[in-house]
Amino acid sequence: RDLRETAASITDRPVYGIALGDLVHNDMSLYPTYCAGIADFDFPVFSVIGNHDHVQNVATDREAVKKFEEYLGPTCYSVELGELHFIFLDNIVMKNNTL
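Just so you know, the working numbering puts the end of the sequence shown at 132, numbered straight through with nothing missing.
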């Protein structure tokens, strides 16, 4: 509610949200809930994967990011917002079940 009210009060410029990781905190079943929550906002939300958003206990990094990509898209991307260019990167590499 507070985010919606704050965003609605900003009328002189665009509003964007940036979620900086740990979106589901190791509970991959929460991705649909997270996505439903950000879909309710009247402004775009750009999500960045965090270390607790990777599937744990997998052999490769590719497997570790599949759930994030399934629900939210690429783990590394960039976007122009007004005069600013944002670059979002996944700096976590899973290999042999460890970070």
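Backbone N, C-alpha and C fix where the C-beta goes; we use that ideal spot for every residue, glycine too. Computed from a prediction, not measured in an experiment: that's the story for all the values here.
1. How is E102 classed by DSSP in three states: helix, strand or coil?
2. Give the range of the alpha helix (DSSP H) segment to which Y64 is assigned.
3. Between P65 and the rest of its own chain, which residues show a CB-CB distance below 8 Å, the 5 nearest in sequence each way excluded?
4. Would you give the residue range spanned by the beta strand (DSSP E) that A41 belongs to?
5. Using a threshold of 8 Å, state whether the C-beta atoms of V57 and Y67 are closer than that.
6. Which runs of the alpha helix (DSSP H), 4 residues or longer, sit entirely within the stretch 77-124?
7. If we call anything under 8 Å between Cβ atoms a contact, is D55 one with H85?
Here's the rundown:
1. helix
2. 64-72
3. Y104
4. Careful: A41 lies outside any beta strand (DSSP E), inside the alpha helix (DSSP H) at 35-42.
5. yes
6. 94-97, 99-105
7. yes
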